Each structure stands twice: as structure tokens, then as C-alpha cells.
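Asks: In UniProt numbering, the protein residues as written are 1 to 1181.
Virtual Cβ for every residue (Gly too), placed ideally from N, Cα, C.
Predicted model, so just to flag it, every value in this text is computed and none were measured.
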Amino acid sequence: MVGDEVIRGVSGGERKRVSIAEVMATQAPVQCWDNSTRGLDASNALDFARVLRTMADEEHKSIVATLYQAGNGIYDLFDKVIVLAEGREIYYGPTTEAKQYFEDMGFECTPGANISDFLTSVSVPTERQIRPGYEDKIPTSPADFEDAYKTSPLFDRMVQQMNVASEKSLSDEVESILRLRDAEKNRSLPSLSRQGSPYQVSFASQIANCIRRQFQIIWGDRWSNALQIASALIMALVTGSLFYNLPSDSTSIFTRPGALFFPIQLFAMNKMSETTASFMGRRIISRHKRLAFHRPAAYALANAATDVPLVILAYSLFQLIYYFIVGFQREAGHFFANWFMLILCTLCFASLFRMIGAWCRHFGLASQITGWMTMVFMVYAGYLIPVPSMPVWFRWISWLNPATYTFEAIMAKEMGDLTQDCIQPQLIPFGSAYDNSQYRSCTVRGSTSGSTIINGETYMNAQYSVYKAHIWRNAGILIGFWIFLALMTAVGFEINLHSDSGSKVLFDRRSKKKEAATKVDTEKADESAASHDVSYMSLSKTVFTFKDISYFVRHEGKDLQLLRGVSGYVKPGQLVALMGSSGAGKTTLMDVLAQRKDSGTIEGSIMVNGKPQGISFQRTTGYCEQNDVHEPTATVWESLLFSARLRQSHKIPDEEKQDYVRGIMELLELTPLQHAIVGTPGGGLSIEQRKRLTLATELVAKPSLLFLDEPTSGLDGQSAYEICRFMRRLAASGQTIICTIHQPSATLFDAFDVLLLLARGGRTTYFGPTGRKSATVIDYFARNGAACPPHANPAEHIVDVVQGRFGTEIDWPQTWLDSPERQAAITELDALNLNVEEKKDSEPSTTAEAVDEDQLAGFATPVAYQVYLVTSRQLVALWRNPDYVWNKIGLHITNGLFGGFTYWMLGDGTFDLQLRLMAVFNFVFVAPGCINQLQPLFIRNRDVFETREKKSKTYHWFAFVAAQLLSETPVLIVCGTLAFVTWYFTVGFPTEARISGQVYLQMILYEFLYTSLGQAIAAYSPNAYFAALANPIIIGAGLINFCGVVVPYSQITAFWRYWLYWLDPFTYLIQGMLEPVVWDVKVHCEPNELTHIPLPGNSTCGEYLADFLSSEPGYVADPGNSTMCAYCPYSTGADYMRTININDSSYGWRGVGITALFCVSSYALVFLMMKLRTKTTKTAS
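Right, dumping it as C-alpha cells:
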């Protein structure tokens, strides 16, 4: 697996080679390579350059490359070189003449230096070296360099070369390239090729290849797809048992439509994850578009195609369980019609939510629209509000709703030929005095007075306006919806797919220095960071040793050894280089030494000042990772001050910490950028600026030991030299530093005191001093059969040697084990541990006690202070993330207004009582959209914490979770308030303070309830897509199912009724909101809501129903009528409430109180999930 910054995969160098191979596969006639050797070791970088040379020579490619820290071996492979200074061309010509050109101008190239570094240094005053006597003759500004070049004979020669080229020969070359491209295209699918297209294969072939790739991605992400299958099984069992074995009489007349509707709702909610998924791969698809691999539309259509087998598999498993558990009609036609319609519906919703993601540039907006449309389509599917009862101003929604057509079709098929007996309580009156069915009537709509038979088709026509003739018409409409939505998704990706073209540095508007800061050249500063004094830094002189370090991980049931008996040491003032080819285990060794591995087994000993690593080791150690992970919404100043405040001792005054941060910023030239927003790669600080920020973040913690993992990767020669020079000055001041490094020039390599060289498999091939101008290490390899050529870069040479690139069969790891150098190194290592221990014993006890007391603290600051600082940072992050806040507010406002106008000014009829319940239930559906929006943000913050801040013990996981919860509080209160104002009064609920206040309080509590549930799911999910898949299982199949709305309490299966109903927080949410707005309502039935009962002779309605009304709720509209009774089933709202298990007016405030308890327990669940995810780091044993 390739992996990424969070998902474990191949090494960074190997991942870079995958990217290079991907671009080379394009076979483009003109190729531009921008710093493509970043992250590669010198040997692999040289191999890459040789491939480019071969492509240019044998395949006649035109190649342009920008390369940082290019060795002479790479430089010599190119024909011409362009040197730029502040956008001005100061040299263009043959690579073989560039060095001499600038030397003739008066500059001096240090022996052994890379020519590429020399060329870039001539325009940098602090880097260039001038030959004696030329101090006043050399150009001093980029304009002077440009003028000198344009007046040189070389410039005239280059212009002449460009003009002399025959236009005919160029035209022939272009024609040849076009013919080759067209021939390749025609070999693929000649009948479908389009002339003039930049794509090498036809659109049909693009779709086929994208389908293949999607299945590979599905296989690689097996956990997420396994969760989809598992969720289908769980939802089938749980929901099916809720509607278990529906009876074939009138008691199931209301729950049967609910059982038909629930799969629609569950799978629609399940497919909300497609909005999240549409953003996860967008950067890759954008790159594929730029490389002309395939059109984004091909990717979209391939996604729609790969949906089909997955949906069929998931829903077939669901259907086989759910259909028969519920007890639908056991006929093949009914079964497969239900199966087919719901598969079409699921495909429609998958394409709908993916289309929303395709047309939205920001995830927050897409999430808001997805949540809102889910709620709208479920309300207007024809079940919660039957089509005849929909308000006329919103009825058009049902015409555009796939759920409406699905529900009509499956209901018509299931109930169209179903006949059911009407029994009590639907058959009234009932009791010992009413045994003559001639004078009894069924309360079910569509039934006939005096009849006890319910015709399913008549019922669904009267209640839902559903017709059997529409079944297959609706199937055709759903197929049309699916095709249309898939095509619109393809159009959306074609039009809307974009990527940032470059780094855009944003500054905090509150900065008084913004105007000056924006004028800074963000690529290179004029002064050298190394010129600053580091003497003020309080550096702890630490002796660090490690002996016989081995590291094992479990892989496919076996122990895989990544490190094999690595030993070494670092003295105060030493700068140690850790080198090796890609995949040799450099980063793995750094992680083991820095106590950052939380899996696997570590063997050996790691000592700090002669003692094992203490509990404060991670906090007092600086570690700069390859991937520069930072809070993207913070400024540079805020990031550094945050690290200093939490990682320096709490006893140090804050003013002193701020002064220290300012000093570090001056050292690393970050002062002009102190108010710049960090941002994300491509939309914030540049790579070089992020590298400096990463180093500064660790330095402000005053580390006793500094680990740097490829700090110069991705930097140009001057920036890399500045970093190394700064590390050199830190080491000279007593700082202990270990640094992995790729592609060092001879000059950079000479800055290191000690080298630890690893071969593949994590085996040591050399550990010891480098010597002046690398003499010691060169001599070691020369004595063992690998002499370094006079003008070769020693660093590149030794890496090539241990990789066997010169054809030698020397076993270098074994050579090292048998060498006297290794024995001397082990002797020195043991002596260091012994000497440090003796020195510690000779120190005064008071000093030792003071040190021990400081070392016993795992964190530098108390947890309460951590919570305060992390919460403050998170509040600022939310303030600078207006999309998240406004989308959340917008979702509540639109949900409130939509719900208010859907249930506009409800009356006091029996159907209006049901609509009051639906209006309250409708508010529940604000949660899915908000949860889908908050989970990616939570997971992004969690990844920043786990990748950097947890490992450095900047703050405790408890502080992280507390900050996530507390920072959301203001937004949740505002959202709940706006939802209440826009919804409550438009529905027409009572305005008395005691009633409206109770509902308002319950709505605010619900904001905290769903937020904590969403964060609990996210806390343990590996990624946002996984969390989005888990939401429907927990919220849809669990909480919504069992709260007593869709299936009344009395009809819930006994197994669930006596425990899960009472453990469902939504049960008490509904009680707390519904009781105050329904209990005291005086019911007045509308004429079409009355049940008409024929009367026996010589009696009035009041007399005939007296016994019935003495024990049952309701009233008679005309008690004195002697021919036909008009009966209303409820006289007050309390009568209706008792049918849904709200048996007393105290249930309202009881529901509010229990909901508050659930909020507390749900937040506790977030802490628990984060605790379970937080693993203890491994130590050597």
C-alpha cells in the first residue's frame, strides 16, 4: 500500500518514486519536472536523472527539470542550464561552460562543491565566494547579472542557435510526434478516438481503466467496504427485528408502510458518505487530469459503475434478512420488485450525494447541502407526510424525489393485493356490549362503515395516493434519475475540478505589520539565519547512547525485523548524520530512538546521560518529521508560542517564553512571516518556510536532544546549507543532534561530525567520525575495497557502495561487524555511559533531586492549563474557518424554516397531532448533516495531535478532547437558538414562556447530544469516510429506530422494548419537546377525521357509545344523532400522547433531565474512545 502522511505505507522515498513512475508513464514528448528528486537519496536521484537522459537521447523527449541540491553526477547529464535570480535570467547555456562563465566573472567554486550549488550561490551575497581582486568588479544585483549575461558572447551564441534552427525541421519533428501519438491512440480504439484530444486513449477506455482502478482502491480500503457490508447486515437484523413478523390484520396497517420506508431512509443516510468520499480523492483526480491520464468525467462514470456491484451485494444481504424477518408477502414477484426498486433508489442517492460533492468546491457547503437534502427528501418521500397532505408550496419536491417514487412502487406492490381483517383497537366500539359487527366501524381510512375487511389498495389510495399502475413507471423514472445524476456528476467534475496553482500566503488581518510582511520575498531571505547568535539559547548538554537496537513488527502473522542490532552514540556538540538508501530504516530508527513507536517490539538499550529514557523524554526531545504537520489556521507566531508555552516548564514566566520565541524566529528568519497563516501545502507557507517552522516549533521547547528527519529535503542548495550551518552552530553550543539526510553535497556532508550509515534491512555498515573533508569515512571504505574517486561526492559514493551499485560482492554489514572501528565504537559507547553515571553520582544531591523532580513530569504544564490553551487555539481556528461555522448555522436556519413552512401553523385535529410529532421528529434530522460536517474537522485535528503533538507530549489527550468539546459550545448555542426561532413559531406552537422555554432548552441540549455522538464516532474512526459509514448504523438503525416514533412503544418487539427503547436518548429528546406542545391541546376532529358508526334502532350516539367512552378516549361529535355516530378518537392531546407511551405531563421535564444526562455520558464516551485509541509508545527492553 502506498499510504500517506497518516496511513502507514511505503517509505517517503519509495512513495516519491511511485509519483515519478506515474508521470513517466505518460510518455509525454515535452516533460517538466519540478523538484522531483525531493525525498530521494543521492543514488536514486542519479538513477532518475539517468532515465531522463535516456528518454531525451533515445525517445527524443524535450525535458526541463528544476532540481535542488543536484550532485555533479546529475548536473553533468543535462545539456543546458538556466540560472535565475529574482525572476531574471542570469545564465542560459551549456552546462559544461556555466562554471567557467561565473569564475571568469570573479566568483570562486570551492573544491568538491556541487556545481549547481555554486551557480545558485553567486547571486546570494551571504553565500558567494569572490576571488581576490574581484571584490569591486562582480555584479551586485540581479539586474547587473542580467546585463552582464546579455552583453556576453554566450548570449549572442544562444540567440543565434535558436534562430538558425530550420523551421522546416522543427515542423517535421512536431509532425512526427503527432503521428506517433495518433498511431498509439489508434492502436487502442481507433473507432472511438477523437482527433485533437490530449488523451492517449478513447473515453470508453478511460472509463474501463478507471473502473479497474476503483476496484483496486476498494480492495485496498477493505475495512471501509467491510463496514458497508457489516452495516447492511446489522441494519437488517436490528431494523428487521423491530418490525418482526408483522401480523396480517389492522394492527400492522400503520407499521407496514414504516417497514417499507425504513430501508429507503437507512440506505439514503448510508450513502451520505459519498459526499465525503468525493473530496478525499480530488487532489489525485486533479493531477490525473493535468497529466491527461483521463477525463474527470471518466472517473465519475466509473464511480457510478462500481456502485452497482457493491450496492447489489450490500442490499441483497440486507434484503435476504430484512424481508423475511419483517414478514412481507412471500412471493417471488413481490420480493424481487422490492429488491430491484430499492437498489435503484440507493444508486440514485449515491449519485446524488456524489454530484453535490462534484459541484461544490468546499466540503462544508457540500456537507450542508447533503444534510439538508437528506432531511427534505425523507420528509417528502410520502410516508412522514402523505402526498395529499403536503403543503402545496412544497409538493413539487416529491416530483423530484427518488425516495417518493421508490416508496410508492414498493408500497403498491406490497399492499396493492393485500386484504386484512380490522380488529380492535381499530375496530370500534369494542367491549362486551358490542358484539354485533354490523354496528361497528374500522378507523382505518378507506374502510367501509359496518365492514371489518380492509382492502390494501383502497387504503393506500385514500391514505397515501399510491397506485398500482405506477410501479414500473416509477422504475423507469428511477433509472432516468440515476443516469441523469451520474451525468451531472461527470459534468460537475469536468467544470469544477480545480487545484491551487501555487502557494498563497495569508496574513492575520489584526497584524499591524501585514503590509510590510507581504513585501517579503517568501522564497529566500536576504540575510543568513546562521549569522545570528545562538549563545542566549539555554541548551542542555546531553549524552545519548543506543546499543543493539532491533525492531520487529507483525506482518501477515509473522515477525518482520526492520532494524538489526544498531548501535551508536551522540555527544554534546556533535552533529550526527544518519544516512542510507530509501527504505533502509532511517526514519524507523529515528522513531525508535525518539520513543515514537506505539506498535511492534523494540530490543536493546537506549540511555540518556547514562540512564534509561524517562517519562519526560518525549517532551524534552525535539523531533522534526519529514511531513511538516501543523495546525493550518494558526499563524507562525501562534504556532511557536503555543509550543513554547506547553513544552517549556510551567515555572518559566510567559514573558520569557515570548522573548525566547522571538529569538528563535530571528534565527530562522521567520519574523517577517510571524503573522502569516500556516495553511496547507499549496495554500499557505511554502515547503521551505514550513521546514523552518517545523524546526522552530521544536527549538522553542528548549530540547535536550534534537532529532531531524530529512530537514533539507525539498530545499534548494542555499536553504539546505543555511539549515546545516544553523545546526552546526547549535551543535557547537552544546546541542545534541541526530539528523537523517538525503542527497548531501560534499560541503553539506562535511558539516557533520559523525556518520551512521544503514543498508537495507536496517543493518549498520558504518558508525564513526567523518573526519576533515570526510577523510576518515573515505579511508574506511577504501581500506575495505571501495576507494572514492578524487572528484566524487563522498556521501553519494558510500551510499552507492553499500547498495552494491559498483558490482562489488562485499557484505558491508558483516564487514562492519568484523571491523576494529566497530569494537572501538562499542568501547567508547560503554565508557560514555559509565563516565556520565560517575559524574552524576559526584554531583550535589540537591541538584540531582531538582533535576529528578523536573524529569518525573510527563508534561511540562498542568492539564487545566493545557485545556485552556488548546481550547483558545481551537476557538481561533473556528473563527478562521467561517465556512464551517456559517454552513452549520445555515443548515439550522434552512432546516428550521423548511420545517416551519412544511408544518405551517398546525391546528388541533387528529392528523395535526400526528404532524406535531412529525414536526418535532423533523428536527432530529438536522444531526446527520452537521455530524458529517464536524467529523472531518475533528479527525483532521486529531491527526495533527497524534502525528506531532501527542508524540512530543505537548499536551494530554484529555486536553485535546476537552478543547474540541468546549470550542463547539458557542456555535452550538447560536445554532440551537436560530433553529428554535425559525421553526418553533412558524409551526404555531404555544408562545407561553413555560412551554417555549422547555422546548428551547431541549433543542439546545440536542445540539450537544448529536455533537458528542458524532465526535465519539470520529474519535475511533481511522478516517472521515469510515466515520460517515458508521453514522447510519448508530444513528439511523439505532437511535432513530427505537425512540417510539416510527414504531410506537406498544408495537416494538418485546426484546427491544424493555431495554433499548429506554436506553435511546432520542426517546427522551422527543418526550421533552413533544409533551409541552401537545398535552394540553383541545382536539377538534375535522369532518374527514371522524369515524362513522351505524347505530342500532331506538338509541342515540351518546347512549350507544356510553360504555365504550367510559374506558376509552375520544368524543362523539353529535351525541343526539340516532342514525349515524361521528366519533373522534381523541378529546385532548393527552389522549394521543398516551398512545406513544407519554403517560403523564411530568414526562416532559423528565425527558429534559435525562437528555442532559445523556449529553454528559456521550461526552464521556468521546473521552473513552480517544483513550482507547491513544496507545502507549514503546520503549527499548
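1) Relative to the C-alpha of residue 72, which residue among 62, 46, 55 is closest?
2) In the DSSP assignment, find the alpha helix (DSSP H) that holds residue 264 and state where it starts and stops.
3) On the criterion of 16 or more Cβ atoms from any shown chain inside 10 Å, does residue 1058 qualify as buried, or is it exposed?
4) Nearest to residue 895 by alpha carbon, out of 823, 1051, 371, 665?
5) So is residue 557 buried or exposed if we call it buried at 16+ other beta carbons inside 10 Å?
6) Below 7 Å CB to CB, which residues in the same chain sit around residue 298 once its five sequence neighbours on both sides are set aside?
7) Any chance you could list the alpha helix (DSSP H) runs of at least 4 consecutive residues sitting entirely within the stretch 1055-1081, in chain order?
8) Sorted by chain position, which residues of the same chain lie with C-beta nearer than 6 Å to residue 1073's C-beta, five sequence neighbours on each side aside?
9) Check each candidate in 492, 382, 397 and name the one with the smallest Cα separation from residue 461.
10) For residue 732, count the other beta carbons within 10 Å of its own beta carbon; 16 or more makes it buried, fewer makes it exposed. Which is it?
11) Would you mind working out which of 1032, 1134, 689 sits nearest residue 672, comparing C-alpha positions?
12) Judging by CA-CA distance, which residue of 322, 121, 1094 is the nearest neighbour of residue 140?
13) By a C-beta neighbour count over all protein chains shown, 10 Å radius and 16 as the cutoff for buried, is residue 1124 buried or exposed?
14) Name the DSSP bridge partner or partners of residue 603?
15) Given 8 Å as the limit, is there contact between the stretch 688-708 and the stretch 658-665, that is, 3 or more CB pairs closer than that?
16) Cutting at 7 Å between CB atoms, please list the residues of its own chain near residue 970, excluding the five before and the five after it.
17) Please classify residue 513: does DSSP put it in a helix, a strand, or coil?
18) Apply the 10 Å Cβ neighbour rule to residue 630 and answer buried if 16 or more other Cβ atoms are within range, or exposed otherwise.
19) Tell me which residues share the same chain as residue 503 and place their Cβ nearer than 6 Å to its Cβ, disregarding the 5 neighbours each side in the sequence.
20) Residue 930 to residue 1011, Cα distance in whole Å?
21) Checking 7 Å against the spacing of the C-beta atoms, do residue 737 and residue 706 come in under that value?
22) Quick one: what's residue 621 bridged to in DSSP?
23) Taking residue 452 and residue 432 to be in contact with their CB atoms under 8 Å, please state how far apart those CB atoms are, rounded to whole angstroms.
24) Less than 7 Å separating the beta-carbons of residue 88 and residue 125?
25) Would you kindly report the start and end of the unbroken alpha helix (DSSP H) that includes residue 874?
26) Could you say if the stretch 763-778 and the stretch 587-606 meet the contact criterion of at least three C-beta pairs nearer than 8 Å?
27) Compute the Euclidean distance between the alpha carbons of residue 130 and residue 748, then round it to the nearest angstrom.
28) Have a look at 569, 242, 1135 and flag the residue whose alpha-carbon is nearest the alpha-carbon of residue 549.
29) Pop quiz: residue 899 and residue 983 are said to be a contact at Cβ under 8 Å. What is the actual Cβ separation, rounded to whole angstroms?
30) In chain order, what are the residue ranges of uninterrupted alpha helix (DSSP H) at least 4 long that sit wholly in the stretch 284-344?
31) Going by Cα to Cα distance, which pick from 94, 648, 90 is closest to residue 147?
32) Measuring straight from C-alpha to C-alpha, what distance separates residue 990 and residue 913?
33) Touching or not, the stretch 270-285 and the stretch 1039-1046, by the rule of three or more beta carbon pairs under 8 Å?
34) When DSSP builds the beta bridges, which residues end up paired with residue 33?
35) Measuring only the C-alpha atoms, how far is residue 424 from residue 430?
36) Using only the alpha-carbon positions, how far apart do residue 1147 and residue 1155 sit?
Replies: Concretely, from the data shown:
1) Looking up residue 72 in the sequence shown gives position 72. Of the listed residues, the one whose Cα sits closest to residue 72 is 46.
2) Sequence index remark: in the sequence shown, residue 264 carries index 264 (1-based). For residue 264, the enclosing alpha helix (DSSP H) begins and ends at 255-270.
3) Taking the first residue of the sequence shown as 1, we reach residue 1058 at position 1058. Residue 1058 comes out exposed.
4) For the purposes of this step, residue 895 is taken as residue 895 along the sequence shown, with counting starting at 1. With distances taken between Cα atoms, residue 895 lies closest to 371.
5) As a working note, residue 557 is residue 557 in the sequence shown. In summary, residue 557 is exposed, with fewer than 16 beta-carbon neighbours lying within 10 Å of its beta-carbon over all protein chains present.
6) Residue 298 sits at position 298 when you count from the first residue of the sequence shown. For residue 298, where only same-chain residues beyond five positions count, the Cβ hits under 7 Å are 203, 206, 207, 210.
7) Qualifying alpha helix (DSSP H) stretches, in chain order: 1060-1063, 1065-1078.
8) Along the sequence shown, read from residue 1 onward, the residue named residue 1073 stands at position 1073. Same-chain partners within the cutoff: 920, 999, 1002.
9) Working through the sequence shown from its first residue, we reach residue 461 at position 461. Comparing Cα positions, the closest option is 382.
10) Along the sequence shown, read from residue 1 onward, the residue named residue 732 stands at position 732. Classification for residue 732: exposed.
11) Translated into positions along the sequence shown, residue 672 becomes position 672. Shortest Cα-Cα distance from residue 672 to any of 1032, 1134, 689 involves 689.
12) Locating residue 140 in the sequence shown gives position 140, counting from the first residue. Answer by Cα proximity: 121.
13) Reading the sequence shown from its first residue, position 1124 is the one you call residue 1124. So residue 1124 counts as exposed.
14) As a first step, residue 603 is located in the sequence shown; it is residue number 603 there, counting from the start. For residue 603, which the question treats as bridged, DSSP gives the partners 550.
15) At 8 Å Cβ cutoff, the stretches touch.
16) Within the sequence shown, the letter at position 970 stands for residue 970. Closer than 7 Å at Cβ, skipping near neighbours: no residue.
17) Locating residue 513 in the sequence shown gives position 513, counting from the first residue. Only weak support exists for where residue 513 lies, its pLDDT of 45 falling under 50; the value from the coordinates is given anyway. The answer is coil: DSSP assigns residue 513 none of H, G, I, E or B.
18) The count along the sequence shown starts at 1 and reaches residue 630 at position 630. By the 10 Å Cβ count, residue 630 comes out buried.
19) Walking along the sequence shown from the start, residue 503 turns up at place 503. Residue placement at residue 503 is poorly supported in this model, since its pLDDT is 48, which falls under 50; the coordinates are not used for a value here.
20) For the purposes of this step, residue 930 is taken as residue 930 along the sequence shown, with counting starting at 1. For the purposes of this step, residue 1011 is taken as residue 1011 along the sequence shown, with counting starting at 1. Using only the alpha carbons, I get a separation of about 8 Å.
21) Taking the sequence shown and counting its residues from 1, the one referred to as residue 737 is at position 737. Taking the sequence shown and counting its residues from 1, the one referred to as residue 706 is at position 706. Yes. Within cutoff.
22) Numbered from its first residue, the sequence shown carries residue 621 at position 621. In the DSSP assignment, the residues bridged to residue 621 are 705.
23) Position 452 of the sequence shown, counted from the first residue, corresponds to residue 452. Position 432 of the sequence shown, counted from the first residue, corresponds to residue 432. That belief does not hold up - the Cβ atoms of residue 452 and residue 432 are roughly 18 Å apart, past 8 Å.
24) The residue you call residue 88 lines up with position 88 of the sequence shown. The residue you call residue 125 lines up with position 125 of the sequence shown. Not in contact: residue 88 and residue 125 (Cβ atoms no closer than 7 Å).
25) For the purposes of this step, residue 874 is taken as residue 874 along the sequence shown, with counting starting at 1. Here the alpha helix (DSSP H) through residue 874 covers 863-879.
26) Output reads no: the stretch 587-606 does not touch the stretch 763-778.
27) As a first step, residue 130 must be located in the sequence shown, where it is residue number 130. As a first step, residue 748 must be located in the sequence shown, where it is residue number 748. The straight-line gap separating the alpha-carbon atoms of residue 130 and residue 748 is approximately 20 Å.
28) Position 549 of the sequence shown, counted from the first residue, corresponds to residue 549. Minimum Cα distance to residue 549 is reached at 569.
29) Taking the sequence shown and counting its residues from 1, the one referred to as residue 899 is at position 899. Taking the sequence shown and counting its residues from 1, the one referred to as residue 983 is at position 983. About 5 Å; that satisfies the 8 Å criterion.
30) Listed in chain order, they are 296-326.
31) Here the question's residue 147 lines up with position 147 in the sequence shown. The alpha carbon of residue 147 has as its nearest neighbour, out of 94, 648, 90, the alpha carbon of 90.
32) Working through the sequence shown from its first residue, we reach residue 990 at position 990. Working through the sequence shown from its first residue, we reach residue 913 at position 913. Going by the C-alpha atoms only, they are around 14 Å apart.
33) Counting C-beta pairs with one atom in each stretch, the stretch 270-285 and the stretch 1039-1046 have fewer than three that are closer than 8 Å, which means they do not touch.
34) Counting from one through the sequence shown, the residue named residue 33 turns up at place 33. Looking at the DSSP assignment, residue 33 forms a beta bridge with 65.
35) On the sequence shown, position 424 is the one that residue 424 refers to. On the sequence shown, position 430 is the one that residue 430 refers to. Taking the straight line joining both Cα atoms gives about 7 Å.
36) Working through the sequence shown from its first residue, we reach residue 1147 at position 1147. Working through the sequence shown from its first residue, we reach residue 1155 at position 1155. Near 12 Å, if we compare the C-alpha coordinates of residue 1155 and residue 1147.
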